[in-house]
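Enquirer: Here UniProt numbering is used: the first residue of the sequence shown is 1, the next is one more, and so on.
Beta carbons: idealized from backbone N, C-alpha and C, even for Gly.
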Amino acid sequence: MKKQEYISLLNEEINVNSLLANSTAYINDTVENLNWVGYYLAENETLYLHTFQGKVACSIIPFNKGVCGYAATTKEVVVVPDVHEFPGHISCDANSKSEIVLPIIVNGNLYGVLDIDSPIKDRFDAEITEQLKEFAKWIETKIESLLNK
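1) From which residue to which residue does the beta strand (DSSP E) around glycine 54 run?
2) Which residues mark the beginning and the end of the alpha helix (DSSP H) in which valine 31 is found?
3) Let me know the secondary structure DSSP gives valine 106 once reduced to three states.
4) Out of Leu147, Asp117 and Asn107, which one is the CA nearest neighbour of glutamate 32?
5) In whole angstroms, give me the CA-to-CA distance for tyrosine 70 and lysine 149.
6) Under 8 angstroms, do isoleucine 100 and phenylalanine 124 count as touching if we go by C-beta distance?
7) By the 10 Å Cβ neighbour count, where 16 or more other Cβ atoms means buried, how is valine 56 classified, buried or exposed?
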């Protein structure tokens with residue numbers, strides 16, 4: 001993931017839905033060995049499926065369920081090297097072996113989470129985790145600018 005590349009591709013988006021849709025496509029196209037990339041948006045202690053790339057997914061996730069729910073509750077990035085070792089993991093795709101979930105904080109509140117799955121164990125090393133954190137921070141800033149117009 002190259003910061004200048006995604007900024008040049010996504011910075012002109014003027015709609016949050018388009019931004020989220022194209023950002024999932026960007027990640028799916030540029031990060032190897034992924035089988036699902038998408039956003040869940042937060043509302044009333046529940047995450048609702050939004051734009052994604054991959055197989056049909058779980059539509060509703062309570063904050064207290066699975067990796068996404070844990071990230072939403074703690075508002076911290078969660079990296080799971082082996083999803084089968086995570087208590088309460090929600091398996092939407094049996095091929096997923098590892099996962100990273102990044103909370104998206106907008107105007108000080110949880111807006112949603114960016115959920116990324118891989119069919120490979122230990123896919124999300126320190127380097128890609130840092131790149132994805134930087135990407136998520138950029139997305140947060142971009143969403144804030146669009147919503148605060």
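Expert: Inspection of the coordinates gives the following:
1) 46–54
2) Per DSSP, valine 31 is not a residue of any alpha helix (DSSP H), being assigned neither H nor E.
3) Correct three-state label for valine 106: strand.
4) Asp117
5) 31 angstroms
6) The answer is yes: Cβ separation under 8 angstroms.
7) exposed
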